[in-house]
Every structure is written in C-alpha cells, then in structure tokens.
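K.L.:
Numbering (the working numbering), first residue to last: 141 to 667.
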Amino acid sequence: MAKYWQRFKDYYYDNKELGLSIDTSRMNFPDNLFDLVEPQLQRAYREMTELEDGAIANPDENRMVGHYWLRNPALAPFEEITAAINNSIERISVFAKTVHQGMIGPGNEKRFKNFILIGIGGSALGPQLVSDALWTKNDYLKPYYIDNTDPDGIDRVLAKIGMELEETLIMVASKSGGTTETYNGMQEVRVAFAKQGITFTNNAVAITMPGSKLDLLAKEEGWLESFPLWDWVGGRTSVTSAVGLLPAALQGIDITSFLKGARSCDEQTRQPNTSVNPAAQLALMWFHATDGKGSKDMVILPYKDRLQHLACYMQQLVMESLGKKYDRNGVEVNQGISVYGNKGSTDQHAYVQQLIEGVNNFFVTFIEVLGDERKDNIYITGNITSGDYLQAFLLGTRQALTQQGRESLTITIKHLDAFSLGVLIALFERAIGIYASLININAYHQPGVELGKKGANMIIDMLAKSLDYLQQNSGETFSVEEIAAAIGNPEDEERLFKILEHLSANSNRGVKKICGIDPFKSRYTTI
Ligand code: F6P
141 MAKYWQRFKD YYYDNKELGL SIDTSRMNFP DNLFDLVEPQ LQRAYREMTE
191 LEDGAIANPD ENRMVGHYWL RNPALAPFEE ITAAINNSIE RISVFAKTVH
241 QGMIGPGNEK RFKNFILIGI GGSALGPQLV SDALWTKNDY LKPYYIDNTD
291 PDGIDRVLAK IGMELEETLI MVASKSGGTT ETYNGMQEVR VAFAKQGITF
341 TNNAVAITMP GSKLDLLAKE EGWLESFPLW DWVGGRTSVT SAVGLLPAAL
391 QGIDITSFLK GARSCDEQTR QPNTSVNPAA QLALMWFHAT DGKGSKDMVI
441 LPYKDRLQHL ACYMQQLVME SLGKKYDRNG VEVNQGISVY GNKGSTDQHA
491 YVQQLIEGVN NFFVTFIEVL GDERKDNIYI TGNITSGDYL QAFLLGTRQA
541 LTQQGRESLT ITIKHLDAFS LGVLIALFER AIGIYASLIN INAYHQPGVE
591 LGKKGANMII DMLAKSLDYL QQNSGETFSV EEIAAAIGNP EDEERLFKIL
641 EHLSANSNRG VKKICGIDPF KSRYTTI
C-alpha cells in the first residue's frame with residue numbers, strides 16, 4: 141500500500157478555494173507524461189486564451205465561443221456583450237423574485253407552484269442536472285421537464301400536474317427556436333391548457349436567441365417574457381446562461397453562488413501550468429487513457445443520488461463536442477469518447493462486475509462528495525452510518541479496479557451546493573476545450589446531428605403521403621410495396637413498413653393492418 145500512498149501524494153490536486161480535489165494516481169500514466177504532452181498543452185492554453193478573447197473558435201459556423209463570459213461578463217470582448225449578459229442575469233433575478241412574491245402569477249391570490257421546462261439536449265440536460273442536484277423541500281417552484289416528443293412521456297408529466305396547470309409556469313427553451321421536439325412539446329402543452337380553459341400565453345416564457353422563430357412567436361402572442369441567449373453560447377454549454385439560470389432561480393437555487401463557483405473554477409483552470417490546472421489534468425488523463433483516440437470509454441460514477449443526471453449531462457457535453465468525423469485540418473479521424481454511468485453504489489449491482497473482471501475498455505471517473513448532508517446520525521451498525529458505507533463502496537470499488545489493472549480517477553468535492561456544482565460544470569467544460577485542442581478538433585459544432593434530423597423529416601413526409609393515399613382510397617387494401625409505389629417512394633418499402641406498423645398499432649390513427657402469412661404479406665386499409 142505504501143507505493144499507492146506515495147503516488148497518491150505525488151499526483152493529488154487540492155484546491156481549498158474551490159473545495160475540490162482530484163486524485164489521478166490510479167491512472168497508469170508514466171511519470172514523464174506531463175513533460176511529453178507539455179507542447180500540445182501549451183498550444184491548448186494559447187487557444188483557450190484566444191477563445192476567451194473572442195476568436196472565432198468555431199470556424200465552421202463562424203462563431204465565437206463565449207460560455208466563460210456568462211459567469212464573468214467583464215471578460216467579453218465587446219461592451220454590448222458584457223451589458224447583455226449583465227442585463228439578462230438581472231432580468232432573471234427580478235423575474236424569479238416577482239414570481240416568488242406572487243406578483244406574476246395566475247391571479248386570484250394564487251401563485252405559480254410548478255414549472256415545466258420544455259427543451260431538449262443542452263436546453264434540458266443542464267437544467268435537469270441542476271434542479272435535481274440542488275432540490276430542497278422548500279423550493280419555491282416544483283420542477284418538471286418535457287424533453288421529448290413522446291406523447292406518453294408528455295401525458296405523464298401533465299398527469300402529475302393535473303389541475304395545477306394554471307399554477308404552472310411554462311418555459312420553452314430552445315437556442316435555435318426551431319427544434320422539432322421542443323415545438324411539439326409546446327403545442328401539446330397548449331392543448332392541455334386549452335382543455336382546462338386556461339390561456340397558455342399568460343403562463344409562458346421563452347428562452348431563445350433574439351429574433352428566432354420562438355422569440356417572434358413569444359412577442360407576437362404576448363408571452364410573459366423572452367429571455368435571450370446568443371449564438372456564441374453552445375447548447376451543451378448553456379447551463380450558465382438563461383437556460384440554466386432561469387429555472388434554477390425560479391426553483392429557489394442561489395444562482396449567484398452557482399455562477400461564482402463556475403467563475404472561480406474558470407480562474408483556476410485558466411492557468412497555463414498543468415500542475416495547478418485541474419481541467420488540464422483531466423484532459424491529460426483522457427488523452428492518456430484513450431490514446432487521444434477515444435479508445436476507452438469514460439464511466440461517470442458519482443456516489444451521490446443527487447448527481448444521477450451528471451452522466452447524461454456529460455454524455456452530451458463530451459460526445460457532442462468530441463465525436464467528430466474530421467479534425468480541424470479536414471483529416472478524417474472519427475474522434476470521440478463514449479460516456480456512460482449512473483451512480484454508485486447502485487451501479488455496483490449492475491455493470492460494475494464487468495468493469496472489474498470483463499473487457500478493459502474504460503476508465504472510471506469517481507465523483508465523491510464528502511458531506512453526507514445529515515444533521516443527525518443514524519447508525520446502521522455500531523457507530524457506522526449509511527454515508528460511511530457509501531464512501532466505503534466507492535473506495536472498495538476503486539481498489540478492486542486497481543487490483544485488476546483498471547484505471548480510475550476521483551474528483552472530490554466537500555459539499556454539493558450551488559457553488560460546487562458551478563465548479564464541477566466549469567471544470568468539465570474547460571477540460572473539453574483543452575482536450576479538443578490536444579486532439580485538434582472543433583468541439584463547438586455538431587454537423588452529424590443534422591443527418592438524423594433530415595432523415596426524420598423524410599419519414600414525416602412519407603407518413604403524411606401514405607395517410608392521404610389510404611384515406612383517398614378508403615375501403616381498399618394495399619401492401620407495403622403498393623403504397624410505396626403509389627406515393628412515389630418505390631425504394632422506401634422498409635421505412636414505409638415501419639411507419640405502417642406504427643400507425644396500425646394506434647387505433648386512433650385510422651389505419652388497420654390485415655395480417656398476412658408473414659409480416660411482409662400484411663395489407664393495410666383505413667378503419
Ligand atoms: O440537435 C442537437 C442540438 O442542436 C444540441 O446541440 C442542442 O443542445 C439541442 O439540439 C437543442 O437545440 P435548441 O436549444 O436549439 O433547441
């Protein structure tokens with residue numbers, strides 16, 4: 141054990157101001173790794189400085205990348221940006237306070253009790269992480285999320301709210317203002333309002349880019365407010381913009397501390413000295429563990445129920461940022477790091493068996509929170525608490541991994557609060573920026589996502605055409621091939637088959653399947 145202790149001391153990063161420490165000693169990197177990668181790290185530091193100074197760090201979209209300004213507006217390269225950020229934070233604080241005081245609300249001495257945030261990807265994952273991590277029983281508003289176009293998922297949220305819809309503030313969050321899932325969620329909630337005879341627009345707030353389709357709609361219909369975010373804020377790094385701040389402030393979370401945590405972490409991680417820069421150390425560990433090629437997966441294991449959303453949040457942050465076909469020179473590289481995880485010790489009874497004994501294609505990031513946040517001790521056996529067990533399971537798994545030659549690093553925070561959550565988020569954001577420089581990719585665009593969106597539009601088009609065709613020929617029966625030919629998609633039988641299976645499984649869609657001797661001999665008709 142003495143060898144572990146020495147290495148632990150050699151590579152232990154501890155920062156009292158941030159309440160953060162990082163232990164990289166259980167990563168099997170050689171002692172000269174820091175020196176070997178130093179030139180690339182120096183380039184990464186320079187690039188991060190340029191980015192923070194307002195360089196076009198996302199050349200494909202010709203955009204600056206300014207999430208660091210959101211928590212230190214004075215850093216922004218133009219005065220108008222500084223003023224816009226300050227103004228937005230001020231408006232968010234005032235709006236939340238006014239809602240809490242009941243001065244904005246449903247009237248008749250009622251107050252907003254709940255909110256639903258309708259958004260997806262970066263416009264939901266960060267807010268959900270913050271909401272769940274910092275929830276208290278005294279929250280001003282109870283948070284709900286609609287982050288998909290799943291009708292049953294939407295109904296589930298609406299059923300939980302029931303007749304309290306009038307006392308529910310609706311935030312529609314979409315940077316682009318044109319994301320389909322978010323638009324659908326908004327329309328579904330409108331219908332729910334109409335069914336209860338309530339005016340949707342009296343409860344609605346937009347969070348979007350000024351001038352977007354959503355912004356224009358909010359203004360035209362006279363929604364309560366439209367809060368801005370800007371083209372220089374990426375969706376996955378928007379949690380310190382109105383996207384994260386507004387729901388947090390409404391819930392009652394201390395957004396000043398949250399921003400302060402992020403700002404303080406930015407200050408520490410801006411230093412061009414790897415030995416005192418925790419974000420650079422993380423990036424370096426990713427570089428080492430995955431050979432700079434994503435050859436190993438990142439398992440996120442927070443030992444804290446409140447951080448259960450962290451793995452999902454990190455999935456977008458890491459995989460949408462790093463998962464790229466081309467590097468910045470246009471060379472095909474197919475980069476990325478796969479991320480998964482949930483929470484410890486729960487996962488110990490699920491997939492940790494494979495981590496310890498199975499295929500060695502991962503490295504674990506343990507997140508340890510020292511504070512158990514219990515005032516009175518409850519002893520399980522002797523003087524041992526549940527929190528003692530939680531830590532014991534973390535340390536036990538960490539040791540078991542080491543013994544089996546599997547790598548892990550541990551990030552420790554003292555307490556989970558608004559400040560430390562801000563620290564963690566800023567830490568990972570900066571690590572992404574540095575790592576992207578190390579592997580020479582643009583972390584700030586997501587060209588691949590468009591392919592799937594285009595594919596979905598084609599499906600909707602085919603679906604509409606096949607419904608029309610069946611209705612125009614009501615009473616007749618058709619095979620998949622016949623419909624495909626009739627609607628002008630003769631090569632698309634497979635996708636049409638899937639569409640018809642979906643339609644006919646939902647009796648309210650007016651399509652009936654007459655089963656054949658095998659799935660492909662079925663015929664379809666109107667009901
Ligand atoms: O399609 C991917 C994506 O653009 C993400 O990058 C983004 O966070 C998400 O969709 C939601 O986008 P928006 O906030 O514009 O609705």
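For every residue, glycine included, the Cβ atom is placed at its ideal position computed from N, Cα and C. Model, not experiment: these values are computed from the prediction.
How would you label G317, buried or exposed, when you count the other beta carbons within 10 angstroms and need 16 or more for buried?
P.N.:
It counts as buried.
K.L.:
Is S366 near the ligand F6P - that is, is its Cβ less than 7 angstroms away from at least one heavy atom of it?
P.N.:
no
K.L.:
Using only the alpha-carbon positions, how far apart do K353 and Q539 sit?
P.N.:
53 angstroms
K.L.:
Any residue with its C-beta under 6 angstroms from a non-hydrogen atom of the ligand F6P counts. Can you list them all in chain order?
P.N.:
Here the list is I260, G261, G262, S263, S314, K315, S316, T319, T322, G375, R376, E460, Q586 and V589.
K.L.:
Do you know offhand how far I440's Cα is from A184's?
P.N.:
24 angstroms
K.L.:
Are three or more beta carbon pairs between the segment 559 to 577 and the segment 585 to 604 nearer than 8 angstroms?
P.N.:
Short answer: they don't touch.
K.L.:
Per DSSP, what are the beta-bridge partners of Y519 in this structure?
P.N.:
T525
K.L.:
Where does T537 land, buried or exposed, given buried means 16+ other C-beta within 10 angstroms?
P.N.:
Classification for T537: buried.
K.L.:
Rounded C-beta distance between A224 and P368? I'm assuming under 8 angstroms.
P.N.:
Yes, they are in contact, since the Cβ atoms of A224 and P368 sit about 7 angstroms apart, within 8 angstroms.
K.L.:
Where DSSP assigns a beta bridge to L556, which residues make up the other side?
P.N.:
Looking at the DSSP assignment, L556 forms no beta bridge with any residue, so it has no partner.
K.L.:
With a Cβ-Cβ cutoff of 8 angstroms, do Q456 and P283 count as a contact?
P.N.:
no
K.L.:
With respect to the alpha helix (DSSP H) encompassing D290, which residues constitute its N-terminal and C-terminal limits?
P.N.:
D290 -> no alpha helix (DSSP H), and no H or E assigned at all.
K.L.:
Would you list the one or two residues that DSSP bridges to V345?
P.N.:
M311 and E365
K.L.:
Look up E680 in the DSSP assignment and say whether it is helix, strand or coil.
P.N.:
As shown, the chain starts at 141 and ends at 667. That puts residue 680 outside it, with no answer to give.
K.L.:
Just the C-alpha distance for E328 and A626, rounded to the nearest angstrom, thanks.
P.N.:
Rounded to whole angstroms, the separation of the alpha carbons of A626 and E328 is 32 angstroms.
K.L.:
M303 lies in the alpha helix (DSSP H); which residues open and close that run?
P.N.:
Counted as a single uninterrupted DSSP element, the stretch harbouring M303 is not any alpha helix (DSSP H), since DSSP gives it neither H nor E.
K.L.:
Compute the Euclidean distance between the alpha carbons of Q182 and A358, then round it to the nearest angstrom.
P.N.:
46 angstroms
K.L.:
Let me know if H555 comes out buried or exposed under the rule of 16 or more other beta-carbons within 10 Å of its beta-carbon.
P.N.:
exposed
K.L.:
So the candidates are R546, S560 and D175; which of them puts its Cα closest to the Cα of Q493?
P.N.:
R546
K.L.:
Is the distance from the Cβ of T666 to the Cβ of G656 below 8 angstroms?
P.N.:
no
K.L.:
Using the C-alpha atoms, what's the distance from T238 back to N278?
P.N.:
One C-alpha to the other measures close to 17 angstroms.
K.L.:
Does the distance from the C-beta atom of L191 to that of V205 stay below 8 angstroms?
P.N.:
In terms of Cβ geometry, L191 and V205 form a close pair [threshold 8 angstroms].
K.L.:
So, using beta-carbon positions, are A583 and G573 closer together than 8 angstroms?
P.N.:
yes
K.L.:
Report the three-state DSSP secondary structure of R546 (helix, strand or coil).
P.N.:
coil
K.L.:
Quick check: what's the CA-CA separation for M438 versus K483?
P.N.:
14 angstroms
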